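Heads up, the thing below is written out as structure tokens.
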Amino acid sequence: MRFTVTPPGQRTADGQQPNATTAPRRRASWRPDAGGGRTADARQAVRTFLAEAVTAHGAAVTALAEIDAQVVADELLANAFRHAPGDCGMDLELSPDGTELTIGVWDTSPQPPRVQPPGPTRVGGHGLRLVEACSREVTVVPTDRGKRVVARLGLS
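Take the sequence shown: its letter number 25 is residue 35 in the working numbering, and every next letter is one higher.
What follows is the structure in structure tokens.
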């Protein structure tokens, strides 16, 4: 896993333009052909980022918000690893006032994720419901290389 900071005003690898007024963004990317990715890496990236947000930016992060953020990152990246060919990655961004975390996961599949119908005997297929339950907002943005799923979570 490679974890980098995208300075304000510079485009990220998936073509996104960070907002110059936000705190620095963190980016992790995975190449499946180079050993794939692990959702544990995503959860650790979230923990590290939120610890930095508290220390460097004075963000107030509740224990529940940290758990929710880890669940969202885990589920979105598990879907990217499972359903999209090619590279994928994750951006983490703190709102300027330190009250909201944005998790953006990009992959090379143009297909938007689909919430599966309830199925008490089905194993798996519940991740997007968890993402929606933990997030204030979830959006899917088509890109020229696939898509980006963006979840916004409150931190307090």
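Every residue gets a Cβ at the ideal spot worked out from N, C-alpha and C, and that includes glycine.
Since this is a predicted model, take the numbers as computed values, not measurements.
{"Asked": "Local Cβ density within 10 Å of Thr149, reported as buried at 16 or more and exposed below that", "Found": "exposed"}
{"Asked": "Supposed contact pair Arg146 and Gly164 - C-beta distance, whole angstroms, cut 8 Å", "Found": "6 Å"}
{"Asked": "Whether Arg158 touches Leu102 by CB criterion (8 Å)", "Found": "no"}
{"Asked": "Nearest to Pro128 (by Cα), restricted to the options Leu140, Gly114, Thr118, Pro122", "Found": "Leu140"}
{"Asked": "Candidates Asp117, Thr153, Val56, of which the one nearest Asn89 by Cα", "Found": "Asp117"}
{"Asked": "Three-way DSSP call (helix, strand, coil) for Ala7 in this model", "Found": "The structure shown has nothing for residue 7, since the chain only spans 11 to 166."}
{"Asked": "Residue closest to Gly156, alpha-carbon to alpha-carbon, out of Leu60, Gln54, Val64, Asp97", "Found": "Asp97"}
{"Asked": "Buried or exposed (CB count within 10 angstroms, at least 16 for buried), Pro95", "Found": "exposed"}
{"Asked": "Reference Leu138; option with closest CA among Ala69, Ala83, Thr153", "Found": "Ala83"}
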